[in-house]
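Numbering (this note's numbering), first residue to last: 1447 to 2541. Backbone N, C-alpha and C fix where the C-beta goes; we use that ideal spot for every residue, glycine too.
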């Protein structure tokens, strides 16, 4: 919109001119503007001096208009400026009013005001412009000393100046709340609106002898309604003028050589007014878009004179640019898209893109006519008189250039490419904003990158052009739009050419010669490209010397100009065998190309080979015909087990001795191809003049399945590698027949292994031992020993042996014995891995791996049981004893060695918390303990202190197996718990009883606490005894007291009799001290038994 005059861009406001003293205007006009801000339309109050009344444009008389020659234009250039800035709708004449003046002085002032009003009335004659006289009283009104009062003077002034009462106002105060200020503002507004209403009626009544006059009058009437903010009438007359303009012929003749440009210029004015008010006044986006489409349908192809085609494309570009700017300004309105075919029509980037498209067309048209941008061009010194009509041809001085020459010079001063770049940058900016809130449009963004690169190339901004074009090429290559890729590559080739970048030029040339874009590059052009490639490398200019001695270009997916197929004679071969490699080369270049050298690179650089062009080998690659080369090699013994042909390097040397290396891989890398991320959406509408490409809302394209197709990963690697087989070791390593597979803990066991050579000759043989788990895992105890010296093997940081032991050489069908010592500190499962390496008769080193499993287990197992004698607490667990009361520990030693063991000694070692009263079962002399045999120990222990789940001792056993060393095994006793009982009970039972005689039973209750305990004792009489005395009682036991209770028992028969059930209850804790389930027996002799009892 910057190209439009300000009076076209701005919404017009009624113009009111204020004349008079500046101090009075400064006092009154701001108050009037403040009051008017609340009303529509707003008045443009402009302040002017007295002399301004002579500048008002005079009204032409009808006689002068009849004598004037016929006009050759549609709309005068200065008509808008005249009504916006020069010709007021109302004139305010300010004067100071002093009621205290003397009569003579007042008469003089009255005459001055009358003369001023008459001068204004004559100057504005025929303009329907009304004059309002505003008198401002600067002092308070009081009784005058000389003359009449203020009302009389106002009436006299109106009469002499021939003004009515509504044309004269007296202001005594300047405030927004003043009734006279409000009344004056309303009068100004009404008079201004009435003025434009009168002007519109006057123009409507005028005759319209031609379509040009009809267009002119329609525009004027519409603009008068725009002054009044009458939107409906304004749009109606603008629409009528536009339709009348469309009916005018778009041809120029000798009488009107600029008729074509005038029509388009006026159409641009009318179009701008229509779309502006559709958007900002009617808030109807659909009508604005329809108007744009109608405008472009009518004028987008109306090129006019071909020697001025660039002017037409600049005009079309401006239409889209202005519409995009209007949409940007209207974004805050959040216009509804009701009726619009797509929401994309609301996006500014769409119209900036179209404007950039036609800016590019302008640049191309200017280049075709030889008026491209010239930084040194200037229009200084040319006297140009603008045309009196919008779009008309200007007038030039006769001594200066002609009109066509001036137009050409003017166009050379315009940087056309920079205009397109700016528009594309705007389109990209708002496209990114759109993508952040809506669905992505990657194709359109990539298209913008391509167009930006082309425009930057035209603007000689080669570095940035290469950046944009490279990004576009990557995007199009990922989606496999090879037509677009070829277009991008051609632009990149031009950039490299203009920058004198030889390496980039060679790279772009190879990509253009790729078979992927072959269908989009004509054959003749491909031949030219290859010739340029060879010429650029072979004959570089002095100012384009490449500093490095060699350069590499990868023949990858972007440059597959040479197909390289490799195939080994077989997929597997043994060391020292001969192998033939067949190399198939096929060039997709349009003409033959001779290579200086061809290097074949393998995964092992010892196999690399170099072929040199000459008499023995012809390295000329014909066009699209396979060439076969054969290479013979011997497989070497050392190295990896797989040999692969990695790449083939084609070397081109120039006369300067530099090398250009084209690297082609023989196996296809796993390159991820991006699939299309958005579906194509088709719209039914068509935007005239915006094309059918990816940048148009009318872009229609069926779903292209080939674009969604991903190239299969075929068997491209088959035959490109060979597996090198090492001769297999025929020797065998086995466990000796009598060698044990079980190892006892802490016992050094020698394991015998037999190495059988079988058909191999074993020479320079060594072996290494590895054990799993490692020594570090098993408490850092050594596992492997030298069987001869019985010394542990040296270990590395991870606990594995580092020693490499040697073996004697062996002839075929012979054996050799290996001995390994094993000693394990804990029970576990062991895996012993032995690696034997030796050299065969053919000189090849082979390896033999063998693994053996061993189970390390404890030779002895200990079980124990704790038994407390009667009476005891019923609630105590089997491993719980009471401090101070003796218990019996029954320990059983069992052999689980699966072999006989010689037990040399068995002893028990106890902790200080117990006292050993007796030990039965200790051994000091040797005896043999077979597999599954047991040996028992009985200990009587007295706990001395409290203990919680702690082993109180262990059993030490010295033993050895046959032909083995003495081993000491320590077997811990099971954990025990010692508790302190608050009350202890001892029962004294007689040794025997006599039938029918009284036998005393004494119960001793001891209190171990510091408080008084209450104990309840019950003795049942349901046994074979008669109970004499108290059978149930409750006693209080003092701290530390031993309470003795005596019960009399009379046995009723002889024999082993169970004593009566006794219950002892700790009443305070409600805990049984002696349970009813604990009973003992008493042997009773007959009554006539005469033996000496005392004995």
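Taking the alpha-carbon positions, what's the residue i to residue j distance?
i, j, result
"residue 1582", "residue 1488", "23 Å"
"residue 2032", "residue 2006", "10 Å"
"residue 1669", "residue 1459", "11 Å"
"residue 1478", "residue 1603", "24 Å"
"residue 1486", "residue 1728", "16 Å"
"residue 2075", "residue 2095", "14 Å"
"residue 2312", "residue 2189", "32 Å"
"residue 1579", "residue 1491", "15 Å"
"residue 1833", "residue 1975", "52 Å"
"residue 1774", "residue 1760", "21 Å"
"residue 1857", "residue 1815", "11 Å"
"residue 2250", "residue 2054", "36 Å"
"residue 1659", "residue 1716", "15 Å"
"residue 1962", "residue 2034", "10 Å"
To which residues of the same chain is residue i closer than 7 Å at the C-beta, ignoring the five residues directly before and after it?
i, result
"residue 1652", "1663"
"residue 1623", "none"
"residue 2532", "2441, 2500"
"residue 1712", "1520, 1521, 1661, 1691, 1836, 1837"
"residue 2545", "Residue numbering for the chain in the displayed model covers 1447 to 2541; residue 2545 lies beyond these limits and cannot be assessed."
"residue 2520", "2317, 2431, 2508, 2509, 2510"
If you reduce the DSSP assignment to three classes, tell me which class residue i lands in.
i, result
"residue 1524", "coil"
"residue 2072", "strand"
"residue 2532", "coil"
"residue 2348", "strand"
"residue 1454", "helix"
"residue 1844", "coil"
"residue 2011", "strand"
"residue 1595", "coil"
"residue 1927", "coil"
"residue 1941", "helix"
"residue 2301", "strand"
"residue 2170", "strand"
"residue 2135", "Its pLDDT being 48, under 50, residue 2135 is placed unreliably by the model, and nothing is read from it."
"residue 1946", "coil"
"residue 2313", "strand"
"residue 1563", "helix"
"residue 1685", "helix"
"residue 1934", "helix"
"residue 2496", "strand"
"residue 2476", "coil"
"residue 1778", "helix"
Once you ignore the five residues that flank residue i on each side, which residues in its own chain have a CB closer than 6 Å to its CB?
i, result
"residue 1930", "1922"
"residue 1661", "1520, 1687, 1690, 1691"
"residue 1945", "1908"
"residue 2338", "2309, 2380, 2382"
"residue 2397", "2418, 2419, 2421"
"residue 1861", "1819"
"residue 2169", "2018, 2088"
Using C-beta distances below 8 Å, list every residue in its chain close to residue i, excluding the 5 sequence neighbours before and after it, in chain order.
i, result
"residue 2191", "2270, 2271, 2272, 2273, 2302, 2303, 2304, 2305, 2415"
"residue 1986", "1948, 1992, 2100, 2102"
"residue 2428", "2453, 2454, 2455, 2459, 2512, 2515"
Compare the Cα-Cα distances from residue i to each of the options and report the closest residue.
i, options, result
"residue 1754", "1694, 1808, 1711", "1808"
"residue 1818", "1826, 1828, 1805, 1827", "1805"
"residue 2175", "2219, 2186, 2061, 2295", "2295"
"residue 1471", "1540, 1530, 2478", "1540"
"residue 1781", "1854, 1735, 2526", "1735"
"residue 2167", "2016, 2288, 2376", "2016"
"residue 2357", "2392, 2343, 2347", "2392"
"residue 1682", "1723, 1634, 1829", "1723"
Using 8 Å for Cβ pairs, my map puts residue i next to residue j. What's the rounded Cβ distance?
i, j, result
"residue 2400", "residue 2419", "6 Å"
"residue 1599", "residue 1545", "7 Å"
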